[in-house]
Amino acid sequence: MTFYLVLTVNSVTFGGLLFLLSAGFSLIFGLMRIPNLTHGSLFMIGAYIGATFVIGLLGVKLNFWLAAILATLAVALLGALAERLLLRRLPGDQLAQVLVTLGLSFMAADACLALWGGDPLNVPTPDGLGGFVRTGIGAFPLYRVAVIAIAVVFAVALWLLLDRTRLGAMIRAGVDDPDMARVVGIRVSQLFTIVFALGAGLAAFAGIIGGPILSVYPGLDQDMLPLALVVVILGGSGSLLGSFVGSIVVGFLYNFGQALLPELAYFVLFLPMLLVLLLRPQGLFGRHVP
Amino acid sequence: MIARTLPIAVAVLALLTLPLWIGGTYYVNVTSQILFYAIFALGLNVLAGYGGLVSLGHAGLFGISSYVVGYMLQLGYGHTAAILMALAVGNVSMAIYALLSLRSTGIGFIMITLALGQILWGLAYRWISVTGGDNGINVPTRPAPFGLSLADSGNFYYATLVVFLLSVIAVAIFARSPLGAALMGTRDQPRRMNALGYHVLAIRFWACLFSGLLTSVSGILFVYYTQFISPQTLALTSSAEVLLMVISGGPGTLLGPIVGAGLVVVVKNVVSGFIERWNFLLGAIFVAIVILMPEGLVPGTVRLWRLATRKRAPAKAEIKTEGKP
């Protein structure tokens, strides 16, 4: 019983991390109509930069949360630059844009390997969250519960941003009908940069707060990118609710699959995606087929 | 006519006599690599170039054929059974790929094939009881068709060359056939083709199967060449590498993927002798080609050549007809 309980907590935690990763992926996909194949790399770069700050760079150690914020900002800037300098050069050519993100992801992976080496970095749990929460039914690592709380806070904040602010209304308009949004005077291409930076920052933030759980290693990008893809195919592109539900589903499938069917875990993970593709190609909450 | 056939004849003659003049087993082996990667790239080009369906999961199909050969041999079957089984499994997998991914085109197609490729990679990596996981599968022997042992690198080269030439001829016939023309029609004007009474989905499905066949064939050659198969072969990097061959050479041309395969294999072999950062270079070449020479090296060079030799470029007329909606 405890086994399944722990597994459930782990699943929800992982789902929370995935939500932070895939919310940006889904927004970029919804708005720019391209799967951003650098998203796993942004997650990994965020984790590496954050880990470097936490472990100590040139003898200076930073507080975990400060490091997380710095890494998030740095990667958001990186994302904005990539969009401005490279993707912007290929307007309307989605295929070329996808290929550019693919090329960038290889460069990022190799650069990380050159900079940080092949050994995994272990990120220490932030101060004060190393303990356990004891309840009547069992004990859970405090940090995992904190990650769930952070994910929920971000989900609410993102929902407020998209649903209640002017910027959010513009992004939603861009997702639903970019041409019409342009006609009514929304500068959609500026939205591209904002959303790309936002998505990159969220991915990096997920990377660094996932650090104490997943650790940081070469190949982390390739492990996370397909998960983000599955979440978005499941949930539907451009839909926050879709990312949320998709992330939780994938979190459960991934953890239960690994615990119960370790050899076929990957296959189990992708099965619901195939079902969705066959029965509801636009995703559970999506509005249009990619 | 002579201007067209002469270069082909020279190229074929050069390939036939290659082990005599290239000087060294190493170079013969590199050429064998170029040839089977060229078959792979030709296979992807059928979809990505002629069909406009860019797949990022082809390494999965390539790898599954390799794994089937390795696994069958491990079970104690002969080479013929292993190769036939690999072709069958490769094509059935391609049919499943096609059924799932042809529901969409463009970006959707890329995403679904990418996910399917990752499934196969995940299976190869995790399904340890069958695939050996990270340790991979060793293939102890190469086959000996007609009593000719392919363990010798020269013989292996000639076997690969025969398969390569057959593949090139098959693709050339395909591109000129009604099916090939219809496929290019579905790439440029799917709605019109549909209105004209063509079954767009069926045309794409058959193209997928043809592409899958070439991919399987190259996968089989690959596993016999390296005599080893590991999950790395199925990784996204491999899919991207072969896509780079197609895109760098020139998608939708016959010569393009072959030139692209030569370029990538040579750069990879030569460069990895000097620096460790092959993947970085791969990514950088990718980005540079997509941004600077999106039509690929072969059409790009042809365009430049025409511009240089004739003052009035006939290429302009082609662009005009293409640009019409």
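Order-wise, the sequence lines are chains A and B.
Numbering-wise (my numbering), the first sequence opens with residue 1 and increments by one.
Numbering-wise (my numbering), the second sequence opens with residue 1001 and increments by one.
For each residue, glycine too, the CB sits at the ideal point set by N, CA and C.
Quick caveat: nothing in here was measured; it's all calculated off a predicted structure.
Looking from the CA of A:S41, the closest CA among A:G238, A:L202, A:S237 belongs to A:L202. The C-alpha of A:H39 lies about 32 Å from the C-alpha of B:I1258. Following the DSSP letters along the chain, one finds B:R1306 inside the alpha helix (DSSP H) bounded by residues 1297-1309. Scanning B:G1023, B:N1029, B:S1211 for the CA closest to the CA of B:N1091 turns up B:S1211.
Note that the region 1106-1116 of chain B does not touch the region 1151-1167 of chain B; fewer than 3 beta-carbon pairs, one per stretch, sit closer than 8 Å.
Chain A has a Cβ within less than 8 Å of the Cβ of B:G1122. For A:R89, there is no enclosing beta strand (DSSP E), as DSSP gives it neither H nor E.
With its beta carbon less than 8 Å from one in chain A, B:A1240 belongs to the interface. A check of alpha carbon separations from B:V1242 across B:L1075, B:A1115, B:G1043, B:V1028 identifies B:G1043 as the nearest. By the Cβ criterion, the region 1109-1124 of chain B is in contact with the region 217-229 of chain A, since at least three pairs of Cβ atoms, one from each stretch, lie closer than 8 Å. Collapsing the DSSP output to three states places A:V133 in a strand. With a 10 Å radius around the Cβ and a threshold of 16 neighbouring Cβ atoms, A:I208 comes out buried.
Annotation for B:F1205: A1098, L1102 place their beta carbon closer than 7 Å to its own, counting only its chain and skipping 5 residues before and after. The three-state reading of DSSP puts A:P126 in coil, since its state is none of H, G, I, E or B. The beta carbon of A:Q222 sits closer than 8 Å to some beta carbon of chain B. Between A:T13 and A:E83, the CB-CB gap reaches or exceeds 8 Å.
When Cβ pairs closer than 8 Å are counted between the two stretches, the region 1287-1301 of chain B is seen not to touch the region 1065-1079 of chain B, the count staying below three. At least one C-beta of chain B is nearer than 8 Å to the C-beta of A:L277. In the displayed model, A:V60 falls within a strand according to three-state DSSP. Neighbours of B:S1129 in chain A, taken as residues at a C-beta separation under 7 Å, are given in chain order as E263. Secondary structure of B:N1138 (DSSP, three-state): strand.
The DSSP-derived three-state label of B:L1254 is coil.
For the 8 Å CB-CB criterion, A:W159 and A:L240 form a contact.
Exposure of A:R166 is indicated by the presence of fewer than 16 other C-beta atoms within 10 angstroms of its C-beta.
Taking all protein chains shown into account, B:L1282 has 16 or more neighbouring C-beta atoms within 10 Å of its C-beta and is therefore buried. Closer than 8 Å to the CB of B:M1094 there is not a single CB belonging to chain A. From the listed residues A:F132, A:G246, A:I233, A:L31, the smallest Cα separation to A:L274 is found for A:I233.
Between A:I28 and chain B, the shortest Cβ-Cβ separation is not below 8 Å.
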